[in-house]
Amino acid sequence: MEFTELIRKMKNAGVKFADGLTESEFEVIQQKYIVKFPPDLKQFLSIALPISDEFNNWRDMTERNVQIIQERFNWCLEGMLFDIEHNNFWLKAWGNKPSDLDSAKKICIEQFRRAPKLIPIYSHRYIPQIPQESGNPIFSVHQTDIIYYGENLKSYLMVEFDLKKYDEINFESIKRIPFWSDIIEMWEVD
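Residue numbers for the sequence shown follow our numbering, so the first one is 701 and each next one is one higher.
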């Protein structure tokens, strides 16, 4: 399904859209949030910009909206730090967990900053900015409860707006993303 057809179906499902973003708007947004949209997200947002609740209105540069979007970027790290403090979360790849909380949080922050940045799409659904190619998976992130929510952007939007069932996701075709896939795989082993 092409994005234009998907957008039409999303509109029928009640999603509100504004005109798509221009190239100059993408430049401003990417500089503001220190991010680079993968090609399929950029294509989608250039056709039409979803502005319903839970979507980011990337065009709105008011102080309050910028703060909301920035909070969504920060939410992933905040959730990890919460789980380190309250739920004994730790990735084995980080080495032995320090006994003091501040040291453990510092390691988590360092590892997080090296990880592919996640771009908020809708509510707590995210797409990694790298690799810089189409077809990156969508992650549902709630603290360290992280799952795949689509093998790519189109698949995700279809699942989110009831155009495809979650169990129809082709999990075997999902691109592995360092750090984020590690967390998913950690839970699958436990």
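Note that the Cβ used here is the ideal one computed from N, Cα and C, for glycine as well.
- Residue E885 holds the alpha-carbon nearest to the alpha-carbon of I846 among S855, N870, E885, D800.
- Secondary structure at I847: strand, using DSSP grouped into helix, strand and coil.
- Ranked by Cα distance from Q832, the options I869, I819, H824 are led by I819.
- L853 is positioned such that its CB atom lies closer than 8 Å to that of I827.
- Counting only residues of its own chain and dropping the five nearest sequence neighbours on each side, I874 has a CB closer than 7 Å to the CB of P837, Y848, E851.
- Taking 8 Å as the cut-off, the Cβ atoms of F717 and I751 count as close.
- Here V859 is buried. Its C-beta has 16 or more other C-beta atoms within 10 Å.
- Annotation: D719 is outside any alpha helix (DSSP H); the continuous beta strand (DSSP E) that includes it extends over 717-719.
- If you look at V859, you'll find it in the alpha helix (DSSP H) that goes 853-860.
- Secondary structure note for V735: it is in no beta strand (DSSP E), with a DSSP letter that is neither H nor E.
- Within the stretch 799-838, the complete beta strand (DSSP E) segments at least 3 residues long are 818-822, 825-828, listed from N- to C-terminus.
- Closest by C-alpha distance to L741, out of G720, S881, D862, is G720.
- Under the three-state reduction of DSSP output, F789 falls in the coil class, being neither helix nor strand.
- Scanning K817, Q829, G779 for the CA closest to the CA of K805 turns up G779.
- F879 is positioned such that its CB atom lies no closer than 8 Å to that of P798.
- The continuous beta strand (DSSP E) containing L749 extends over residues 748-750.
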